[in-house]
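Q: The structure's right below; bear with me while I get my questions together.
2 protein chains.
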Amino acid sequence: MLSDIIKNLLAEVAGIQNIPTAGAFNIRNNGKSAGRNSTDTIQIIPKEDGSGIDIIVKPGTKNESVHIPALVTETDLHDVVYNDFHIGEGADVTIVAGCGIHNCGSGISQHDGIHRFFVGKNAKMKYIEKHIGEGDGDGQNIINPQTHIIAEENSYVEMDTVQLKGVDSTKRISSAKLAEGATVVIKEKIMTHGSQYAETSFDVDLDGAGSSAKLISRSVARDNSRQLFRSKLSGNNACYGHSECDAIIMDQGIVAAEPEIIANNVDASLIHEAAIGKIAGEQLTKLMTLGLTEKEAEAQIINGFLK
Amino acid sequence: MLSDIIKNLLAEVAGIQNIPTAGAFNIRNNGKSAGRNSTDTIQIIPKEDGSGIDIIVKPGTKNESVHIPALVTETDLHDVVYNDFHIGEGADVTIVAGCGIHNCGSGISQHDGIHRFFVGKNAKMKYIEKHIGEGDGDGQNIINPQTHIIAEENSYVEMDTVQLKGVDSTKRISSAKLAEGATVVIKEKIMTHGSQYAETSFDVDLDGAGSSAKLISRSVARDNSRQLFRSKLSGNNACYGHSECDAIIMDQGIVAAEPEIIANNVDASLIHEAAIGKIAGEQLTKLMTLGLTEKEAEAQIINGFLK
Numbered sequence: 001m002l003s004d005i006i007k008n009l010l011a012e013v014a015g016i017q018n019i020p021t022a023g024a025f026n027i028r029n030n031g032k033s034a035g036r037n038s039t040d041t042i043q044i045i046p047k048e049d050g051s052g053i054d055i056i057v058k059p060g061t062k063n064e065s066v067h068i069p070a071l072v073t074e075t076d077l078h079d080v081v082y083n084d085f086h087i088g089e090g091a092d093v094t095i096v097a098g099c100g101i102h103n104c105g106s107g108i109s110q111h112d113g114i115h116r117f118f119v120g121k122n123a124k125m126k127y128i129e130k131h132i133g134e135g136d137g138d139g140q141n142i143i144n145p146q147t148h149i150i151a152e153e154n155s156y157v158e159m160d161t162v163q164l165k166g167v168d169s170t171k172r173i174s175s176a177k178l179a180e181g182a183t184v185v186i187k188e189k190i191m192t193h194g195s196q197y198a199e200t201s202f203d204v205d206l207d208g209a210g211s212s213a214k215l216i217s218r219s220v221a222r223d224n225s226r227q228l229f230r231s232k233l234s235g236n237n238a239c240y241g242h243s244e245c246d247a248i249i250m251d252q253g254i255v256a257a258e259p260e261i262i263a264n265n266v267d268a269s270l271i272h273e274a275a276i277g278k279i280a281g282e283q284l285t286k287l288m289t290l291g292l293t294e295k296e297a298e299a300q301i302i303n304g305f306l307k
Numbered sequence: 001m002l003s004d005i006i007k008n009l010l011a012e013v014a015g016i017q018n019i020p021t022a023g024a025f026n027i028r029n030n031g032k033s034a035g036r037n038s039t040d041t042i043q044i045i046p047k048e049d050g051s052g053i054d055i056i057v058k059p060g061t062k063n064e065s066v067h068i069p070a071l072v073t074e075t076d077l078h079d080v081v082y083n084d085f086h087i088g089e090g091a092d093v094t095i096v097a098g099c100g101i102h103n104c105g106s107g108i109s110q111h112d113g114i115h116r117f118f119v120g121k122n123a124k125m126k127y128i129e130k131h132i133g134e135g136d137g138d139g140q141n142i143i144n145p146q147t148h149i150i151a152e153e154n155s156y157v158e159m160d161t162v163q164l165k166g167v168d169s170t171k172r173i174s175s176a177k178l179a180e181g182a183t184v185v186i187k188e189k190i191m192t193h194g195s196q197y198a199e200t201s202f203d204v205d206l207d208g209a210g211s212s213a214k215l216i217s218r219s220v221a222r223d224n225s226r227q228l229f230r231s232k233l234s235g236n237n238a239c240y241g242h243s244e245c246d247a248i249i250m251d252q253g254i255v256a257a258e259p260e261i262i263a264n265n266v267d268a269s270l271i272h273e274a275a276i277g278k279i280a281g282e283q284l285t286k287l288m289t290l291g292l293t294e295k296e297a298e299a300q301i302i303n304g305f306l307k
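So, in structure tokens, the structure goes:
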């Protein structure tokens, strides 16, 4: 039987209310498995050294999903896990990861999930990662995810990552290596408040002819929070790369963007755009003339921006 | 009497054919002065330690110009010069610097000009810097300019820098610190060919309320040449900063862009755009249907891009 705290976290990060009764899943709680299931086409196998799991998706598997949420509900706990995903040729799957921390103590609750994805030829994978922190203690919630993608010929990878509240510090490191015709689309949404810190780093190698990558980052920094966005797009073949980073700053929020584009091949086409600023005065005024207070108008604009 | 080589270099980098007969100027050749003139409003004074000159523009000086070209015509010569420009309050002047190297030997001909600009309140300065290398030896032409600008309240600075041929290696370091209401516009145009290397670095601190900076870089990398563009815009007050970097790559040319924008103040508005790619096929086709050869069409597009 799961506690209400765990049920709430599961709903928030993985969209599930309880231990599922079907489908492939692995629920990790405070560093231990709280439920696991494999299916005919998706095997979840604990690594022999106990460091994490291997998720093996059979070639040709279609329209299936895997849920692998990780929860931390104890204070003074540092959970580190190494998970490897092997997506067979021609498969089409959705993976729902994500981490929820509920820390009512005064220590540090930390989860570091190091995920590697080996996406086979012509395979399609959607990877959803949601991070959330809560708890009324004065402890720190820290989530440091790493996502490393090897995208084989003509594969398609979409990664959606969201962190909207309660994570005091995060360093998010992502990399992707793209073979011929492979496409990677990464979307991240981050909101920081209080004195939180968020750092994002993308490193994409466009190695194959016809490969393409799109990075889209939208973030809001409120109160005294700070954010750093880094990206590196290396065009090593005939390829297309586009990176965009839009940030809204409020209160005393601070945001820095350090994108990098490198064309190592004459047929590489690379674009980067970044913009940092506060909400435009006219936008607020327009909504306030419709009867909203300034706070309501701000909230509506930010909701739209992070939608 | 100036040699034809020197006359040609002067015409190329400073738009003058000979030692001027009027106006403020300082002509440096192979590390020594080849002519100098001050006027009532613009004093050119050699530094006591012999390391360079001080250029002092009286407050209120209007529509005057200073020419300070530096030439290197010997091989195995490394010329280093420190020049300081003091632009008085409310002045409006044009400064034409630039460096020409003619190296017919097999050694290195190098010029490092380190320029500091102290631009007074309400002053307006246009700074033009053109770099060129020539010579039929197999020696190296190296030009490493540094430009450091302190822009006081409500001053306006425009810097135009051009390097289109003959410079084997260049590291261009520029910085600007802007007080309240100050504006700095920096435009650079670079073309590299052969196995040349060009590196550009801008570091702009938008310290004052209402300050604004615009950086515009356009470059073409041909043959096996390499370029690196770096910029850092720090918004430390209510300010506006915009940086854009467009590069055309041809042959085996390689270009990397590493821009950085940092909003340290909620009223800072910062934007960066970068694009690297080859000339679009349709553009070439369009011009070729008008009767141009592929080479002619390329040349026309590049001329337009760098105009």
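If you're matching them up, the sequences are chains A and B in order. Residue 180 in UniProt numbering is what sits at position 180 of the first sequence, and the numbering runs on without skipping anything. Residue 35 in UniProt numbering is what sits at position 35 of the second sequence, and the numbering runs on without skipping anything. Even glycine gets a Cβ: it sits at the ideal position worked out from N, Cα and C.
By how many angstroms is the C-alpha of K32/B removed from the C-alpha of V72/B?
A: Cα to Cα, the separation comes out at about 10 Å.
Q: Identify whether residue 308/A lies in helix, strand or coil by the three-state DSSP scheme.
A: Given a span of 1 to 307 for chain A in the structure shown, any question on residue 308/A remains unanswerable.
Q: Output the distance between the C-alpha atoms of A14/B and E258/B, rounded to the nearest integer angstrom.
A: Going by the C-alpha atoms only, they are around 31 Å apart.
Q: What's the call for residue 389/A, buried or exposed, on a 16-neighbour Cβ count within 10 Å?
A: The shown model of chain A, from 1 to 307, leaves out residue 389/A, and the question about it has no answer.
Q: Counting only C-beta atoms, is E298/B closer than 7 Å to chain A at any point?
A: No, E298/B lies away from the interface with chain A (no Cβ there is under 7 Å from its Cβ).
Q: Taking only three categories from DSSP, how would you classify L270/A?
A: Strand.
Q: Judging by CA-CA distance, which residue of D160/B, D203/B and D168/B is the nearest neighbour of L178/B?
A: The candidate whose alpha carbon is nearest that of L178/B is D203/B.
Q: Check whether the Cβ of E244/A sits closer than 6 Å to any heavy atom of the ligand PLP, and report yes or no.
A: Ligands are entirely absent from the displayed structure, and the ligand PLP is therefore not among its contents.
Q: Return the residue from the list K187/A, A268/A, H193/A and V185/A that minimises the CA-CA distance to G208/A.
A: Among K187/A, A268/A, H193/A and V185/A, the Cα nearest to that of G208/A is on A268/A.
Q: Give the single residue among T39/A, A275/A and Q146/A whose Cα lies nearest to the Cα of I262/B.
A: Cα-wise, what sits closest to I262/B is A275/A.
Q: Rounded to the nearest angstrom, what separates D76/B and I142/A at their Cα positions?
A: If I take the Cα positions, the gap works out to 58 Å.
Q: When the Cβ atoms of the stretch 96-109 of chain A are set against those of the stretch 40-47 of chain A, are three or more pairs found closer than 8 Å?
A: Not touching, per the Cβ criterion.
Q: Are the C-beta atoms of G107/A and some chain B residue less than 7 Å apart?
A: No, no contact with chain B.
Q: Answer with buried or exposed for Q196/B, where buried requires no fewer than 16 other C-beta atoms within 10 angstroms of its C-beta.
A: The residue is buried, with at least 16 neighbouring Cβ atoms inside 10 Å.
Q: Going by C-alpha to C-alpha distance, which of T285/A, Y240/A and S175/A sits closest to G181/A?
A: That would be Y240/A, whose Cα lies nearest to the Cα of G181/A.
Q: Among V162/A, I6/A and I53/A, which residue has its Cα nearest to the Cα of N26/A?
A: The option with the nearest alpha carbon to N26/A is I53/A.
Q: Can you check DSSP and say which residues form a bridge with C239/B?
A: Paired residues: S211/B and A268/B.
Q: Report the residues of the stretch 274-289 of chain B with a CB closer than 7 Å to any CB of chain E, ordered along the chain.
A: Reference to chain E is not applicable here, since the protein chains of this structure are A and B.
Q: Report the residue from Q300/A, S38/A and S175/A whose alpha carbon sits nearest the alpha carbon of P145/A.
A: Of the listed residues, the one whose Cα sits closest to P145/A is S175/A.
Q: Just to confirm, is the Cβ distance from L215/A to S243/A under 7 Å?
A: Cβ atoms of L215/A and S243/A: closer than 7 Å.
Q: Along the beta strand (DSSP E) that carries I42/A, what are the first and last residues, could you check?
A: Looking at the DSSP string, the run of the beta strand (DSSP E) that includes I42/A is I42 to P46.
Q: Does the distance from the C-beta atom of A24/B to that of S3/B stay below 7 Å?
A: No, they are not a contact pair.
Q: Keeping to the same chain, check which residues put their C-beta closer than 8 Å to that of T61/A; ignore five residues upstream and five downstream.
A: Here the set comprises T41, I42, G88, A91, D92 and V93.
Q: Taking 7 Å as the limit between beta carbons, can you name the residues of its chain near R226/A, skipping five residues before and five after?
A: Cβ neighbours of R226/A beyond the five flanking positions: Y197 and I254.
Q: Sorted by chain position, which residues of the same chain lie with C-beta nearer than 6 Å to A97/B's C-beta, five sequence neighbours on each side aside?
A: Once the five neighbours on either side are set aside, the close Cβ partners of A97/B are I68 and E129.
Q: Name the residue from I150/B, R218/B and L292/B whose alpha carbon lies nearest to the alpha carbon of D160/B.
A: When only C-alpha atoms are compared, the closest one is R218/B.
Q: Helix, strand or coil for L9/A? Go by DSSP, reduced to three states.
A: In this structure, L9/A counts as helix in the three-state DSSP scheme.
Q: With a threshold of 7 Å between beta-carbons, can H272/B be considered close to chain A, or not?
A: So yes, H272/B belongs to the interface.
Q: Which residues share a DSSP beta bridge with P259/B?
A: Answer by DSSP bridge pairing, in chain order: S231/B.
Q: Find the nearest neighbour of E158/A within the set L290/A, E298/A, D223/A and A123/A, judged by alpha-carbon distance.
A: Per the Cα distances, A123/A.
Q: Given a cut-off of 7 Å on the beta-carbon distance, is the pair V266/A and I248/B in contact?
A: Cβ atoms of V266/A and I248/B: not closer than 7 Å.
Q: Alpha carbons only, please: which of E260/B, G135/B, L10/B and K121/B is nearest the one belonging to N29/B?
A: Residue L10/B is the option with its Cα nearest to N29/B.
Q: Please classify K278/B as buried or exposed, where buried requires at least 16 neighbouring CB atoms within 10 angstroms.
A: Looking at its Cβ environment, which holds 16 or more other Cβ atoms inside 10 Å, K278/B is buried.
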